[in-house]
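Here the structure is laid out as structure tokens; the discussion comes afterwards.
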Amino acid sequence: MRTTKILSFGLMALLATGFTSCFRAGGHNTGTVYMPDMAYSRAVETYAYRDSSKFTTDANDAGFKIYYDATPVAGTIKRGGVSVFPLTKDAGSDTANYVASKQVVNPLPALNEAEMAEAKRLYNVNCGICHGEKLDGNGPLYKGGEGPYPIAPKNLVADPVVSKMPEGQMMYSVTYGKNLMGSYAAQLSTRQRWMVIHYVKSMQPGNQLTAPAATAPAADTTKKTK
Amino acid sequence: MNQPKSISVRSFLLSLLLMVSGFGSNLMAQDGKALFQTNCASCHAINKKLTGPALAGFQDRGPWADRKKLYAWVHNPMGYSKSDPYAANLLKEYNGVVMTSFPQLSEKEIDAIADYIINYKDPTPPRPSGETAPASDNSFLFGILALALAVVALTLLQVNSNLKKLTDEKDGVFAGEPIPFWKNKAYIATGIILLFLTGGYLIAQSAIGLGRQTNYQPEQPIYYSHKVHAGINQVNCLYCHGGAMEGKHANIPSVNVCMNCHAAINEYKGPKLVKADGEEVNGTNEIKKLYSYSGWDPAVNKYTKPGKPIEWIKIHSLPDHVYFNHSQHVKAGGVQCQTCHGEIQKMDEVYQFSNLSMGWCVNCHRTTNVKFKENGFYSMYEKFHNDIKSGKMDSVTVEKIGGTECQKCHY
């Protein structure tokens with residue numbers, strides 16, 4: 001009787017301390033799960049650790065291990081997408097394709113109101129951080145020379161280099177990067193990049209007339225917010 | 227009396243003159259700064275080699291002390307480089323990439339830019355002295371207070387029983403040896419009840435908490451501060467986590483996304499960074515860690531080694547038997563990141579803000595109104611649309627469109 005009493009007390013104290021201290025997440029401790037076979041996926045999940053003794057990304061090892069290459073087959077176009085940019089990246093200081101890109105035309109027709117709003121959103125998320133929401137090359141990263149970015153991003157509206165640049169060449173720069181600007185092919189799909197270029201072109205002086213659908217609602221929304 | 231006055235007048239005039247001349251030169255410097263930023267700054271920095279060479283100390287290099295040669299170079303770099311070996315060498319060093327020519331800049335304007343560069347002093351922003359100490363937790367104080375009160379109560383009880391014993395002795399009543407409190411049944415019973423209450427509460431709470439990871443804050447391979455990026459520098463969440471709009475996963479950015487900015491930003495100048503355990507972090511060293519992952523050599527501004535991915539540690543995990551999709555919430559639902567992830571833009575090191583439990587999900591689904599109007603995603607709910615139009619209902623919660631059905635998330 002006495003021993004069972006002591007035992008039950010001890011068990012309870014052990015459980016209480018165990019539950020409160022060891023199993024609880026916080027700080028660097030992940031905590032504990034019950035039924036791990038229901039918590040952790042057996043299928044390969046995004047960002048899950050892949051055991052290199054079972055999986056390989058090297059095509060030569062296919063057959064010995066499970067060959068898994070996450071990149072799509074070259075030239076694949078996803079549903080609703082547009083054909084990939086036809087030119088490859090120039091090697092070294094060669095500028096042949098950069099020059100040739102002037103001839104590439106934007107495959108997207110003029111954007112409607114909703115598409116233009118989406119293009120503006122994409123611009124503000126991906127480009128505005130450097131080139132500024134006003135496209136004046138003064139985004140929060142540069143802040144007139146006070147931000148952390150050491151060099152001035154291009155002014156997309158006032159600089160004649162950009163305002164006269166053909167859309168194909170802008171696409172080349174956005175796809176492969178130019179000077180210190182990196183490639184945005186990883187963040188924006190081909191369609192999204194062409195959309196952003198439509199938006200930038202529509203904001204440049206002299207071009208606003210080509211996209212009346214875009215400028216009119218923009219004026220409307222500012223009125224509403226005021 | 228006369229003399230001091232004249233001195234004061236003179237000194238006043240002198241200071242006025244100084245001020246005016248100072249003002250004048252300041253204007254010139256400002257002009258130079260503006261000209262530099264519009265024309266040169268997209269390739270050149272003053273103290274950093276970027277697309278073009280660093281311009282600090284240019285007057286001591288090559289032929290540039292001679293302003294006439296400088297004008298010739300700026301107006302027509304390609305033509306000038308043919309006549310000057312130093313310029314020709316520069317071309318070789320930069321792989322034959324020639325500087326853009328600026329024929330529209332007048333000699334005066336080039337002078338202004340040159341003077342701005344010569345007089346430029348690197349502004350080292352004063353570092354804010356640490357962060358204010360975290361607000362002290364009151365529960366500790368209350369604990370001490372409760373303990374003190376308990377001690378006082380116990381002593382009073384003891385005093386009371388002693389006094390009772392004294393009066394009893396005085397009255398001639400002999401109560402016998404008092405029972406020590408560890409054998410007193412009342413004490414033992416109270417102790418056991420208290421133990422069961424607190425122990426049971428703790429066990430129940432902890433068992434519920436099994437598998438939940440609120441406050442989990444692992445140490446990441448690189449000290450990446452969301453506060454610096456999303457807070458101070460206002461980088462949009464979707465810049466790096468664009469998948470939140472597009473699909474199931476919000477996506478952890480690959481190294482090339484980091485390098486979009488960090489090819490140029492190679493030092494940290496912001497406020498002091500501190501780890502959760504109080505250790506100070508050198509931001510510039512953390513950027514160097516990024517370079518070692520990406521294979522970027524900041525000395526030559528090139529990728530010199532193959533890159534490798536950074537193994538960030540996943541913080542928010544849902545069990546395999548739950549389906550969660552970011553785009554459903556962010557794009558169709560218009561939910562802000564902060565609603566579930568807390569004020570990420572104020573966190574240096576990210577911790578799990580919500581407990582991600584089923585109760586938490588369902589509670590939100592019961593109380594949150596769906597953005598029903600002007601949202602193509604919900605156009606199929608004709609009855610609700612008609613009810614809203616006729617005024618029968620003013621809003622639709624997630625629950626009403628099946629947001630608490632088991633199969634929505636468990637299948």
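Line order of the protein sequences matches chains A and B.
Take the first sequence: its letter number 76 is residue 76 in the numbering used here, and every next letter is one higher.
One gets the numbering used here by counting positions in the second sequence from 1 and adding 226 to each.
Yeah, the Cβ is synthetic: ideal placement off N, Cα and C, and Gly gets one too.
Output, in chain order, the set of chain A residues within a Cβ distance shorter than 7 Å of residue i.
| i | result |
| --- | --- |
| HIS547 (chain B) | MET38 |
| CYS468 (chain B) | One detail in the question is off: residue 468 (chain B) reads as Gly in this sequence, not Cys. Here the neighbours are GLN187. |
| VAL323 (chain B) | SER93 |
Closest Cβ-Cβ distance between residue i and chain A: below 8 Å?
| i | result |
| --- | --- |
| PRO444 (chain B) | yes |
| LYS295 (chain B) | no |
| GLY437 (chain B) | yes |
| GLN564 (chain B) | no |
| GLN571 (chain B) | no |
| LEU253 (chain B) | Low confidence applies to LEU253 (chain B): its pLDDT is 49, below 50, so where it sits in the model is not reliable, and the reading given next is rough at best. For LEU253 (chain B), the answer is no, since every Cβ of chain A falls outside 8 Å of its Cβ. |
| ASN511 (chain B) | no |
| SER451 (chain B) | no |
| ASN601 (chain B) | no |
| SER432 (chain B) | yes |
| ALA282 (chain B) | no |
| THR440 (chain B) | yes |
| PRO352 (chain B) | Since pLDDT at PRO352 (chain B) reaches only 45, below the 50 mark, its modelled position is unreliable, and no value is offered. |
| PRO360 (chain B) | Caution is warranted here: a pLDDT of 47 is assigned to PRO360 (chain B), below 50, making its placement in the model unreliable, and no coordinate value can be reported. |
| VAL556 (chain B) | no |
| VAL483 (chain B) | yes |
| VAL246 (chain B) | Its pLDDT being 44, under 50, VAL246 (chain B) is placed unreliably by the model, and the measurement read from it follows with that caveat. No, its Cβ sits nowhere closer than 8 Å to a Cβ of chain A. |
Can you list, in chain order, the residues of its chain with a C-beta nearer than 7 Å to that of residue i? Leave out the 5 residues immediately preceding and following it.
| i | result |
| --- | --- |
| ILE478 (chain B) | TRP538 |
| GLU335 (chain B) | LEU261 |
| VAL454 (chain B) | GLY496 |
Which first and last residues belong to the alpha helix (DSSP H) in which residue i is found?
| i | result |
| --- | --- |
| ASN364 (chain B) | 364-397 |
| CYS484 (chain B) | 481-488 |
| ASN511 (chain B) | 509-520 |
| GLN431 (chain B) | 411-435 |
| LYS615 (chain B) | 608-616 |
| CYS536 (chain B) | What sits at residue 536 (chain B) in the sequence shown is Ile, not Cys. Counting along the chain, ILE536 (chain B) falls outside any alpha helix (DSSP H), and DSSP gives it neither H nor E. |
| THR175 (chain A) | 167-176 |
| PRO604 (chain B) | Before going on, a small fix: residue 604 (chain B) reads as Tyr here, not Pro. Premise fails: TYR604 (chain B) is in no alpha helix (DSSP H) and is neither H nor E. |
Any beta-carbon of chain B closer than 8 Å to the one on residue i?
| i | result |
| --- | --- |
| GLY63 (chain A) | no |
| ALA70 (chain A) | no |
| MET203 (chain A) | no |
| SER93 (chain A) | yes |
| THR3 (chain A) | no |
| GLN187 (chain A) | yes |
| GLY132 (chain A) | no |
| LYS54 (chain A) | no |
| ARG24 (chain A) | yes |
| THR88 (chain A) | no |
| SER173 (chain A) | no |
Suppose the cutoff is 6 Å on Cβ atoms and the five residues either side in sequence are ignored; what does the same chain contact list for residue i look like?
| i | result |
| --- | --- |
| VAL33 (chain A) | ALA39 |
| LYS618 (chain B) | none |
| GLU512 (chain B) | ILE448, TYR449 |
| GLY469 (chain B) | HIS475, ALA476, ASN477 |
| VAL200 (chain A) | LEU156 |
Note down, in chain order, every chain B residue with its Cβ under 7 Å from the Cβ of residue i.
| i | result |
| --- | --- |
| LEU180 (chain A) | LEU276, THR277, ALA489, ALA490 |
| LEU273 (chain A) | Since the first residue of chain A shown is 1 and the last is 226, residue 273 (chain A) is not available in this structure. |
| ASN126 (chain A) | TYR465 |
So with CB distances below 8 Å, who are the chain A contacts of residue i?
| i | result |
| --- | --- |
| CYS269 (chain B) | ILE151, ASN179 |
| LYS634 (chain B) | Chain A residues near LYS634 (chain B): none, gap ~18 Å exceeds 8 Å. |
| ILE478 (chain B) | TYR47 |
| VAL507 (chain B) | Within 8 Å Cβ-Cβ: nothing; VAL507 (chain B) doesn't reach chain A, min ~16 Å. |
| HIS475 (chain B) | THR46, TYR47 |
| LYS540 (chain B) | TYR47 |
Step through the CB atoms of chain D and report whether any lies within less than 8 Å of the CB of residue i.
| i | result |
| --- | --- |
| VAL33 (chain A) | Any reference to chain D falls outside this structure, whose protein chains are A and B. |
Mind pulling the chain A residues with CB within less than 9 Å of residue i?
| i | result |
| --- | --- |
| ASN462 (chain B) | ASN124, VAL125, ASN126, GLY128, ILE129 |
Give the interface partners of residue i over in chain B, defined as CB-CB distance under 9 Å, in chain order.
| i | result |
| --- | --- |
| ARG79 (chain A) | None at all; the shortest Cβ gap to chain B is about 13 Å. |
Closer than 8 Å by C-beta to residue i: which residues in its own chain qualify, once you throw out the five before and the five after it? Chain order, please.
| i | result |
| --- | --- |
| TYR68 (chain A) | VAL44, ARG50, PHE55, THR56, THR57 |
| ASN265 (chain B) | PHE328, LEU331, ILE339 |
Which bits of chain B does residue i rub up against, with CB to CB less than 8 Å?
| i | result |
| --- | --- |
| GLY27 (chain A) | ASN441, TYR442, GLN443, ALA502 |
- Query: Does the stretch 86-103 of chain A touch the stretch 185-202 of chain A, meaning 3 or more C-beta pairs lie closer than 8 Å?
  - Reply: When C-beta atoms of the stretch 185-202 of chain A are compared with those of the stretch 86-103 of chain A, fewer than three pairs fall below 8 Å, so the two segments do not count as touching.
- Between the stretch 488-498 of chain B and the stretch 554-573 of chain B, do three or more beta carbon pairs fall short of 8 Å? Per the Cβ contact rule, the stretch 488-498 of chain B is not in contact with the stretch 554-573 of chain B (fewer than 3 Cβ pairs under 8 Å).
- Message: Is it the case that the stretch 605-613 of chain B contacts the stretch 461-480 of chain B, given that we only count it when at least three CB pairs across the two stretches are under 8 Å?
- Response: With the rule of 3 Cβ pairs closer than 8 Å, the stretch 461-480 of chain B does not count as touching the stretch 605-613 of chain B.
- Query: Does the stretch 295-303 of chain B touch the stretch 327-341 of chain B, meaning 3 or more C-beta pairs lie closer than 8 Å?
  - Reply: Result yes; three or more Cβ-Cβ pairs closer than 8 Å.
- Sufficient close CB pairs (3 or more, under 8 Å) joining the stretch 143-157 of chain A to the stretch 259-278 of chain B: Under the three-pair Cβ rule at 8 Å, the stretch 143-157 of chain A counts as touching the stretch 259-278 of chain B.
- Query: Do the stretch 409-424 of chain B and the stretch 528-543 of chain B touch if we need at least three Cβ pairs shorter than 8 Å?
  - Reply: Contact between the stretch 409-424 of chain B and the stretch 528-543 of chain B is absent, because fewer than three Cβ pairs lie under 8 Å.
- Counting pairs of beta carbons, one from the stretch 545-557 of chain B and one from the stretch 515-530 of chain B, are three or more of them closer than 8 Å? No, the stretch 545-557 of chain B is not in contact with the stretch 515-530 of chain B.
- Message: Across the stretch 173-181 of chain A and the stretch 63-82 of chain A, are there enough close Cβ pairs to call them in contact, namely three or more that are closer than 8 Å?
- Response: In short, these stretches do not touch, since the Cβ pair count stays below three.
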